[in-house]
Amino acid sequence: MGVRTQRQVVDYALQRRALLAEVYAGRVGLTEVCDATPYLLRAAKFHGESSSVTCPLCRKESLTLVSWVYGDGLKQAAGSARTAEELSRMATLHEEFSVYVVEVCRTCSWNHLVQSYVLGTSGVSRRSRRRTAAE
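Given below as C-alpha cells:
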C-alpha cells in the first residue's frame, strides 16, 4: 500500500498577513503575538526545521517550523511535535492524521499557524488485481 502526499492543505498566509498589519499599525500589542510557550520553544529547538523566512517582528533570526500531529489513530503520539522524517514514516503506518505547521521565532517568541494538512494511508487504493469470474 502506498502513501498519498499532503491533502486537504490549508494555508494561513492571509490570516498571518492581516495579523502582522494589525501589529504594525499598533492595534495589536507584541505581548499578544510574541507568546510562544516554553513547550513550543523546546519543540522548535529539538524538532523544528529552520526556514528561510526572517522573523517579521524582531528580524533577528530565521523562523523555525514545527509540525504538530493529531489524530485518533496516533494514540500517545497525538499532540506531539515531529520532524519531517518522522512524518514520512508515520504517513506509511497510520490511516489518517492531521499536521499543523507553526512558525516560531526562538528569539522574540512570535508564533503563528502557517499551514495544516492531512497525511496517512487513508484513501490509497491498493494495486488493482484481476477479478475472477466468480467475483
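Here numbering that gives the first Met the number 0 is used: position 24 in the sequence shown is 23, and no number is missing along the way.
Even for Gly, the Cβ is constructed at its ideal location relative to N, Cα and C.
In whole angstroms, give me the CA-to-CA distance for residue i and residue j.
i, j, result
"V16", "N110", "Looking at the sequence provided, one finds Arg at residue 16 rather than Val. Approximately 13 Å between the Cα atoms of the pair."
"A12", "T53", "15 Å"
"L92", "G119", "7 Å"
"A20", "A43", "25 Å"
"Q95", "V8", "Here the sequence assigns Glu to residue 95, which means Gln is not the residue at that position. Rounded to the nearest angstrom, the two C-alpha atoms are 14 Å apart."
For a quick check, are the C-beta atoms of residue i and residue j less than 8 Å apart?
i, j, result
"V117", "S66", "no"
"L56", "C104", "yes"
"S115", "C33", "no"
Could you name the residues of the same chain whose beta carbon sits closer than 7 Å to that of residue i, not counting the 5 residues immediately before and after it, in chain order?
i, result
"S51", "S61"
In chain order, what residues of the same chain lie with their CB nearer than 8 Å to the CB of residue i, ignoring the 5 residues before and after it?
i, result
"V113", "D10, Y11, A12, R15, L64, V100, V101 and E102"
"V27", "L18 and E21"
Once you ignore the five residues that flank residue i on each side, which residues in its own chain have a CB closer than 6 Å to its CB?
i, result
"K59", "T106"
Exercise. Quick one: any contact between the stretch 36-56 and the stretch 77-93, if contact means 3 or more CB pairs under 8 Å?
Worked result: Touching, yes.
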